[in-house]
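Chains as they are written, first to last, in this note's numbering: chain X, 3 to 333; chain Y, 3 to 333.
From the three backbone atoms N, C-alpha and C, an ideal C-beta is built for every residue, glycine too.
Note that the structure is predicted; figures quoted are calculated from it, not measured.
The block underneath contains the structure these notes are about, expressed in C-alpha cells.
There are 2 protein chains.
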Amino acid sequence: MNTQTRKATAIAFPNIALIKYWGNRDQSLRLPSNDSLSFNLGDLRTTTTVEFDPLLTRDEVSIDGHKVNAQAYERVVHHLDRIADIDCGERRGLSECRSKARVMSNNTFPMGVGIASSASGFAALTIAACAALGLKKSEPELSSLARLGSGSACRSVPGGFVAWHDGYATSIATQSHWPLMDVIAIVASRHKTVGSTEGHALADSSPFQAARLADAPRRLSLCEQAIANCDFPLLAEVIEQDALMMHSVIMTSQPSVIYWVPATLSVIDAVRDLRDSGVPVAFTIDAGPNVHCICEAHAVKQVKQAVRQIEGVTDVIESGVGGPACVIPHS
Amino acid sequence: MNTQTRKATAIAFPNIALIKYWGNRDQSLRLPSNDSLSFNLGDLRTTTTVEFDPLLTRDEVSIDGHKVNAQAYERVVHHLDRIADIDCGERRGLSECRSKARVMSNNTFPMGVGIASSASGFAALTIAACAALGLKKSEPELSSLARLGSGSACRSVPGGFVAWHDGYATSIATQSHWPLMDVIAIVASRHKTVGSTEGHALADSSPFQAARLADAPRRLSLCEQAIANCDFPLLAEVIEQDALMMHSVIMTSQPSVIYWVPATLSVIDAVRDLRDSGVPVAFTIDAGPNVHCICEAHAVKQVKQAVRQIEGVTDVIESGVGGPACVIPHS
C-alpha cells in the first residue's frame, strides 16, 4: 500500500462582478443564464492546502482553523470526488479513485461579512487538488472545474479583468491594465440572507429576468468597452444599471427578496453624490447588503473617508485588482 | 355685459394606486402605457371653489391661501381653458370663451410631504369648473377631463376602488366593500424629487419597462380578484410586486432615479416583519420615498405603532377608503 501523501497549496482571490450573473440555465452544472464580467480582488486572499493522505479514513475540511459545517463539508468532498474522478479517468485501473484528503483553507478577509469566499475558495481548492494529484490542466479546464464547485469561482481562476462566457472564464485585461480599487462598505444586516444558490433558483420567477437576460449582451459589451478604454463614466453607468437590474429581479421574484438594508441606500446615495462632485466612483452590489464602491486608484482615500462616516457602515475593506489563482511552493 | 359670477365648489380625494401606472403612450393626452387600479383616500380631502367673474382681468389661483407658482398657475389656467372650450363648443356664438376665474383650493393634508395633491386637485378643479359653467358631464367624461390635467386625477373622480382603463376610470367596488386603511409613513428626504411628469417620460429608457407593461394585465387581474374576494394575502403579494416593479423601472432608467431613502427600506422591512407575524399589512410606494402601508382596518393601530417608531419616519397619516369627487352646496 502506498502511504505517500500528495499535497499542494494554491492561492486565489475573490472577485467582484461588474456585470452580474443571476440565474442558471443548468442548475446542476452551474451553467449561467448570462455571461458576466469581474475583476479579482488581489488584496483579499484565500490560501488552500489539499493533502491526499492514504492513512486518513475520512476527509477533513477546515476554514480558518475551524471545521466547516455539514453542508460546506459535503460540497468540498463532492468537489474532491469530481476532481479525483478525472484523475481516475486519466489513470484507469486504480481500484480506488482517491485517498481521503486534508483540506485547510485560510482567508485574509473576514468571514460572515458578506464577502463571498466560495469563489476564491473553490478556485484555490480546484487548483490545489489538481496539483496534488499531478493533473495537468489548462486554465480554461481549471476554470470549468472550479465552476462546478461554485459558479463564480470560475472567474477567480484567470487574472485581472475576467469575462465568463458560458463554460469558463478568461482574462480580458491584465491586472495592471487599469488600477481600479474596490472600497467595500460592510453594512450590518440583522437578517439571515437568502444564499445565492437559492437566489439563482428564484431568478426565473421574476417578470424581469427574461428582459434582464436579453439586455445582458449590451451591458457586457459596454463594460468591455469601458475597460478597454479605461472609460470611467461609461463604466459607472453600466455597472450601476447592471447591479440595479439584478436587484430588481431579486426584489420582484416570487417570493420577493430584498438584500438591501437602509445603510445600503445611504452608501449608494453617497457614491452618487461623490460622482456628481467629480470623484470617479460607482457602486455595485452583490447578493447581499454590502456596497462595493469601485473607484480609480487616486480617489480611494476620498471614497474611504466618505463611506466610513455613513451610519450603518461597520467596516470598510479595500482591494486593488488581483492576478490569477496559482499554486504556491511549500515553505 | 353680464357681470354675474358663476361659481361652484367640489371636493375630491387623493388616491393611492395599488397597481401603478408609469409611462404614457401619449404624453400630451396623458394616456397611460398601462391600466392601473387605486382607491380614494377618504380622510384626506381637497376642496376647490371655481368662480368665473367677468370683472376679473386675470385668473387667480391659490392653494391653502397662497398664490401658486408660475408652473402650477399655467397648468390650472390651461385646464380652465380646456373646460371652457368645451363650453364654447356647446354654446356656439359666444364672443369670448370664458370669464377669468378665481380658483381657491384647500387641502386637509400637508403639502410638500409627498402626498400628491395633483390627483385630488385636478379632480376637484374639473368638477367645480364644469359645475360653475353649468356643463352636464357624465362621470366618465369628468374622469377623462380630469386626466388631461393630471393623469392620476381621473382615478379620483369615481368613488371607492377604481380602475383606470385607458381614457378614464370607473369604480370597481364601493367605498364600503372592503374597509382597507392606508397608513402613510412620511419620511424625510433631503433630495429634490424628480417630478412624476418627468419620471413618466423616462420610463421607456429602462430595459424593464416593456416587460413591466407586458405583465401589467396579469397584475391588474390579480388585484381585481383580491379586491373582489377581499383576499389580503393575494393583495399583499401583487401590490408589493407591482410597486417594486415600478421602482425597478425607475432605478434602471437612463438616467437612473432612486426615490427611496434609508427609512423607506426600514418601513418596507417592518411591514414584511408585521405580515410574517400575521398582521394583514402590505406596502406600496409612489414616485417618492414615503411608504403607504395598506392594511385591514382592524390592524391599523398595530401598524401605526410599529411605523411611528422607525427612525426617519417624520409623520404618519392615515386614511380609509373614500367616495367619489362631488359638488358640494355653498354654505
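- Taking 8 Å as the cut-off, the Cβ atoms of alanine 301 of chain Y and proline 326 of chain Y do not count as close.
- Ranking Y:Ser119, Y:Lys139, Y:Leu58 and Y:Ala10 by CA distance to the CA of alanine 103 of chain Y puts Y:Leu58 first.
- Under the three-state reduction of DSSP output, leucine 215 of chain X falls in the helix class.
- By the rule that beta-carbons nearer than 8 Å mark a contact, phenylalanine 210 of chain X touches chain Y.
- In the displayed model, cysteine 232 of chain X falls within coil according to three-state DSSP, outside both helix and strand.
- Residue contact with chain X for threonine 254 of chain Y: present (Cβ-Cβ distance below 8 Å to some residue of chain X).
- Within its own chain, the residues whose Cβ lies closer than 6 Å to the Cβ of glycine 169 of chain Y, once the five positions on either side in sequence are excluded, are Ser146, listed in chain order.
- Against chain X, the beta carbon of proline 264 of chain Y has neighbours under 9 Å at Val263, Pro264, Ala265, Thr266, Leu267, Ser268, Asp271, Glu313 and Gly314, listed in chain order.
- The stretch 21–31 of chain X makes no contact with the stretch 122–137 of chain X; the number of CB pairs closer than 8 Å stays below 3.
- Chain order gives no chain Y residues near aspartate 168 of chain X, where near means a beta carbon separation below 7 Å; the closest approach is about 22 Å.
- Annotation for histidine 167 of chain X: the continuous beta strand (DSSP E) segment containing it runs 163–167.
- At a beta-carbon threshold of 8 Å, the residues of chain X lying near leucine 246 of chain Y are Ser250, Met253, Thr254 and Ser258, ordered along the chain.
- Distance between alanine 299 of chain X and glycine 161 of chain X, taken at the CA atoms: about 18 Å.
- Under the DSSP assignment, leucine 147 of chain Y falls in the alpha helix (DSSP H) whose first and last residues are 141–151.
- In the three-state reduction of the DSSP assignment, serine 158 of chain Y falls in the helix class.
- The Cβ of glutamine 227 of chain Y sits no closer than 8 Å to any Cβ of chain X.
- The residues Thr11, Ala12, Ile13 and Thr49, in chain order, have a CB closer than 8 Å to that of isoleucine 330 of chain Y in the same chain once the five nearest residues on each side in sequence are set aside.
- Note that the C-beta distance between isoleucine 186 of chain X and histidine 80 of chain X is not below 8 Å.
- Within chain Y, the C-beta atoms nearer than 9 Å to that of aspartate 217 of chain X come from Pro209 and Phe210, in chain order.
- Alanine 213 of chain X has a beta carbon lying within less than 8 Å of a beta carbon in chain Y.
- Residue environment for threonine 110 of chain X: exposed (fewer than 16 other C-beta atoms within 10 angstroms of its C-beta).
- Using a Cβ distance threshold of 8 Å, serine 122 of chain X and serine 158 of chain X count as a contacting pair.
- Checking the DSSP bridge columns, you'll see methionine 106 of chain X partnered with X:Thr51 and X:Ser64.
- Here tryptophan 166 of chain Y is actually not in contact with isoleucine 229 of chain Y; their C-beta atoms are around 14 Å apart, not less than 8 Å.
- The C-beta separation of glycine 153 of chain X from leucine 127 of chain X comes to about 14 Å, leaving the pair out of contact by the 8 Å criterion.
- CA-to-CA, the gap between alanine 175 of chain X and serine 223 of chain X works out to about 14 Å.
- Scanning X:Asn26, X:Cys156, X:His332 and X:Cys297 for the CA closest to the CA of isoleucine 241 of chain X turns up X:Cys297.
- Under the three-state reduction of DSSP, glycine 201 of chain X is assigned to helix.
- Counting only residues of its own chain and dropping the five nearest sequence neighbours on each side, alanine 148 of chain X has a CB closer than 6 Å to the CB of Phe124, Ala125, Thr128, Ala155, Cys156 and Val159.
- Each residue's CA atom was taken as its position, placing glutamate 313 of chain X and proline 264 of chain Y some 10 Å apart.
- A Cβ-Cβ contact shorter than 8 Å links valine 309 of chain X with valine 269 of chain X.
- Under the 10 Å beta carbon count, proline 219 of chain Y is surrounded by fewer than 16 other beta carbons and is classified as exposed.
- Nearest to aspartate 244 of chain X by C-alpha distance, out of X:Ala284, X:Gln256, X:Thr51 and X:Ser208, is X:Ala284.
- Comparing alpha-carbon positions, the option among X:Val273, X:Arg277 and X:Ala289 lying closest to glutamine 311 of chain X turns out to be X:Val273.
- Among the bridge pairs identified by DSSP, proline 34 of chain X is matched with X:Asn26.
- Straight-line spacing of the CA atoms in glutamine 304 of chain X and serine 40 of chain X works out to 23 Å.
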